[in-house]
Amino acid sequence: MNSLDLKKLKLELAINAKSGIDFILSAAIIWSIIAFVWTLRQEPFTKSIWTFYVGMIMLPLAFLFSKLLKTNWTTKTNPLQPLGMWLNVAQLFYFPFLFFVLRDNPDYFVMTYVIITGAHFFPYAWFYDEIGYAIAAGVISVGALLIAINVPTNQMYFVPLFMVGCLLVLAIRLLVSNKRERRQPNNLPIL
Numbered sequence: 010m011n012s013l014d015l016k017k018l019k020l021e022l023a024i025n026a027k028s029g030i031d032f033i034l035s036a037a038i039i040w041s042i043i044a045f046v047w048t049l050r051q052e053p054f055t056k057s058i059w060t061f062y063v064g065m066i067m068l069p070l071a072f073l074f075s076k077l078l079k080t081n082w083t084t085k086t087n088p089l090q091p092l093g094m095w096l097n098v099a100q101l102f103y104f105p106f107l108f109f110v111l112r113d114n115p116d117y118f119v120m121t122y123v124i125i126t127g128a129h130f131f132p133y134a135w136f137y138d139e140i141g142y143a144i145a146a147g148v149i150s151v152g153a154l155l156i157a158i159n160v161p162t163n164q165m166y167f168v169p170l171f172m173v174g175c176l177l178v179l180a181i182r183l184l185v186s187n188k189r190e191r192r193q194p195n196n197l198p199i200l
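Residues 10 to 200 (our numbering) are what the sequence shown spells out, left to right.
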């Protein structure tokens, strides 16, 4: 396979999935709820557990957005298709660190979760040929750390709020980028 074929395969995935916009919008809603959870007057450990529970609605919400936005999660003829799932599953291997933070320093759980989630966007820059993912990965990871070390632990809700802002900026970029790709006649997907 030459680099032109690879670029066409990636473009096909980006156009069909609209570069993962359904997941980004779902994540923005989920992180908004998580920000609310972190405003509650509960122990950080309890808020961390609620954060996990809220995350469980990710796939159903992304599925709903995929129907509304008419995105395709699978392109059966594209050999790169399974890689998208593998890139997403890769973040699960960072969860032992997340559990360690939960046990020993739950005040910083939400920061750790935001960093893991943000950093996992990085390979999608290659997968969708979308630099916005690489920029978001760096900004989210460093930004979450800087916020967490500069606010009191009872104000950790600023970290997920920051995540929401980053996700919304990324979503706008993806929408604009996807419209531009669809309008270019030489960017038609492989049939």
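We put the beta carbon where it would ideally sit given N, CA and C, even for glycine.
Exposure label - residue i; buried when at least 16 CB within 10 Å
{"i": "W95", "result": "exposed"}
{"i": "A99", "result": "exposed"}
{"i": "T162", "result": "exposed"}
{"i": "F108", "result": "exposed"}
{"i": "R189", "result": "exposed"}
{"i": "M65", "result": "exposed"}
{"i": "I124", "result": "buried"}
Close Cβ partners of residue i (< 8 Å) along its chain, the five nearest in sequence each way excluded
{"i": "L101", "result": "none"}
Separation of residue j from residue i, as counted between CA atoms
{"i": "L200", "j": "Q90", "result": "Any reading at L200 must be qualified, since the residue scores a pLDDT of 38, below 50, and its modelled position is unreliable; the value itself is stated next. Near 15 Å, if we compare the C-alpha coordinates of Q90 and L200."}
{"i": "V119", "j": "N11", "result": "42 Å"}
{"i": "Y133", "j": "N114", "result": "30 Å"}
{"i": "S186", "j": "M67", "result": "24 Å"}
{"i": "P88", "j": "F104", "result": "28 Å"}
{"i": "V151", "j": "L179", "result": "16 Å"}
{"i": "M77", "j": "S35", "result": "First, the amino acid is wrong: residue 77 is Leu here, not Met. Taking the straight line joining both Cα atoms gives about 12 Å."}
{"i": "F131", "j": "A23", "result": "15 Å"}
{"i": "I144", "j": "E52", "result": "33 Å"}
{"i": "I149", "j": "D14", "result": "32 Å"}
{"i": "I1", "j": "V168", "result": "The question about residue 1 has no answer here: the residues shown for the chain are numbered 10 through 200."}
{"i": "G206", "j": "D31", "result": "Lying outside 10 to 200, the shown extent of the chain, residue 206 is not represented and no answer is given."}
{"i": "T60", "j": "Y137", "result": "28 Å"}
{"i": "S28", "j": "T84", "result": "13 Å"}
{"i": "L176", "j": "L183", "result": "10 Å"}
{"i": "I42", "j": "L20", "result": "33 Å"}
Residue i CB to nearest heavy atom of the ligand GDP below 7 Å
{"i": "P115", "result": "The model depicted lacks the ligand GDP and carries no ligand whatsoever."}
Anticipated Cβ contact below 8 Å, residue i with residue j, distance rounded
{"i": "F106", "j": "T126", "result": "So it is not a contact: roughly 13 Å between Cβ atoms."}
{"i": "K56", "j": "V46", "result": "5 Å"}
Contacting residues, own chain, Cβ-Cβ under 7 Å from residue i (five flanking each side not counted)
{"i": "A26", "result": "T80, N81, W82"}
{"i": "I38", "result": "L70"}
Contacts around residue i, its chain only, beta-carbon distance under 6 Å, and the 5 residues preceding and following it disregarded
{"i": "L201", "result": "This structure does not reach residue 201, given that the chain is present from 10 up to 200, and the question cannot be answered."}
{"i": "F54", "result": "P115"}
{"i": "H129", "result": "Q100"}
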